[in-house]
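Before any comments, here is the structure.
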Amino acid sequence: MAELQFFTGTMDSGKSTLALQTNHNHAARHRSGRIFTTHDRAGEATLSSRLGLTHEAIEVAADFDFWHYVVDSLTHGARIDYLICDEAQFYTRLQVDQLAKVVDELQVDVFAFGILTDFRTDLFPGSQRLVELADRMHVLQVEALCWCGKRATHNARTEDGAMVVEGEVIVVGDVEDTGAPGGPAGPPAEVAYEVLCRQHHRRRLTAARAQAVSLAPEPLPFG
1 MAELQFFTGT MDSGKSTLAL QTNHNHAARH RSGRIFTTHD RAGEATLSSR
51 LGLTHEAIEV AADFDFWHYV VDSLTHGARI DYLICDEAQF YTRLQVDQLA
101 KVVDELQVDV FAFGILTDFR TDLFPGSQRL VELADRMHVL QVEALCWCGK
151 RATHNARTED GAMVVEGEVI VVGDVEDTGA PGGPAGPPAE VAYEVLCRQH
201 HRRRLTAARA QAVSLAPEPL PFG
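All residue numbers for the sequence shown refer to the numbering used here, where the first residue is 1 and numbers rise by one.
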């Protein structure tokens, strides 16, 4: 029986690498699949791993319909045994419902890979729906580490080196600093992501800030 499986972990836990490995394993057994992704770090229509592996993929826009795509492909004679769905946290709830329907009605396996929570520690809508519907959920065993050495459990966003907890959920490139109200736009803010343990995410203590604190001069003694 086909299944909807959800593989989750923080950034740097090997989700995209596992997605590529899963595709390789099934293709090696002469199964025919399709690879999907969205907002990948390598650009549109590409599934990439931080290890440097890449594979051509189908870009999932907000209005993409998985059910229509699979039914249309099968109707025109294509063979589809499984779907690899990377960056599934960015899928809409409706798209996850479509994936579940593909599994149940067409007996096509779906392997979804994604992050559970965003930089605000809120569940992504796509991930929440996958938790609700998946036949099986797997937490990746490759543990990403916070700068302190503890297991990283939270994803942090930094702008110009400072951690932020507000803003757009999806930021693909740099964000612009609009400057003071009514004033000219400032230079783009450098946006980056970092994994932290819960303690340091709560304290907004990133690796750069921790280093700055450690390099700060000791206070002068008085008295």
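For glycine and all other residues, C-beta sits at the position ideal for the given N, C-alpha and C.
Practice item. May I ask you to list the residues that DSSP assigns as paired with Ile35? Key: Ile84
Check your understanding: Taking the DSSP output, what are the residues bridged to Tyr193?
Key -> Arg157
Point to revise | CB contact flag (Ala100, Leu47, <8 Å) | key: no
Check your understanding: To the nearest angstrom, how far is it from the Cα of Phe64 to the Cα of Val169?
Key -> 19 Å
Review point. Where does the unbroken beta strand (DSSP E) through Glu5 begin, and where does it stop?
Key: Position check: residue 5 holds Gln in this sequence, whereas Glu was assumed. For Gln5, the enclosing beta strand (DSSP E) covers residues 4-8.
Practice item. Answer yes if the region 103-123 comes into contact with the region 9-18, meaning at least three C-beta pairs across the two stretches below 8 Å, and no otherwise. Key: yes
Practice item. Go through its chain and collect everything with a Cβ distance to His200's Cβ below 7 Å, but skip five positions before and after it. Key: Once the five neighbours on either side are set aside, the close Cβ partners of His200 are Cys146, Cys148.
Exercise for review: On the DSSP bridge assignment, give the partners of Ala112 in chain order.
Suggested key: Phe6, Cys85
Exercise for review: Please work out which residues of its chain come closer than 7 Å, Cβ to Cβ, to Val172, disregarding the five sequence neighbours upstream and downstream, and give them in chain order.
Suggested key: With a pLDDT of only 49 at Val172, under 50, the local geometry of the prediction cannot be trusted, and the value read off the model is given with reservation. Here the set comprises His39.
Exercise for review: Go ahead and label Thr158 buried or exposed: buried means 16 or more other beta carbons lie within 10 angstroms of its beta carbon, across all protein chains shown.
Suggested key: buried
Practice item. Let me know the secondary structure DSSP gives Ser48 once reduced to three states. Key: strand
Check your understanding: Which word fits Pro181, buried or exposed, when buried means at least 16 other C-beta atoms lie within 10 angstroms of its C-beta?
Key -> Here the model assigns Pro181 a pLDDT of 39, short of 50, so the residue's position is not dependable, and the following value carries that caveat. Per the 10 Å Cβ criterion, exposed.
Exercise for review: Could you please give the first and the last residue of the uninterrupted alpha helix (DSSP H) stretch that includes His26?
Suggested key: 15-28
Check your understanding: Between Gly183 and the rest of its own chain, which residues show a CB-CB distance below 8 Å, the 5 nearest in sequence each way excluded?
Key -> With a pLDDT of only 46 at Gly183, under 50, the local geometry of the prediction cannot be trusted, and no value is derived from it.
Point to revise | Pick from Glu166, Val60, Gly161 that is closest to Ala207, judged by C-alpha positions | key: Gly161
Practice item. For Gln107, I'd like the list of residues in its chain whose CB is within less than 6 Å of its CB, leaving aside the five on either flank, ordered along the chain. Key: Correct list, in chain order: Ala2.
Review point. Is Tyr193 near Ala156, with beta carbons less than 8 Å apart?
Key: Yes, Cβ-Cβ distance for Tyr193 and Ala156 is below 8 Å.
Point to revise | the region 79-95 in contact with the region 26-33 per 3-pair CB rule at 8 Å | key: yes
Exercise for review: Pull up the CB-CB distance for Arg198 and Val165, whole angstroms please, since I reckon it's below 8 Å.
Suggested key: Actually they do not touch by this definition, with Cβ atoms about 14 Å apart.
**Study point:** Neighbour-count burial assignment, Gln5, 16 or more Cβ in a 10 Å radius
**Key:** Gln5 is buried by the Cβ-count criterion.
Practice item. Could you check if Glu56 is buried or exposed, using at least 16 other CB atoms within 10 Å of its CB as the buried criterion? Key: exposed
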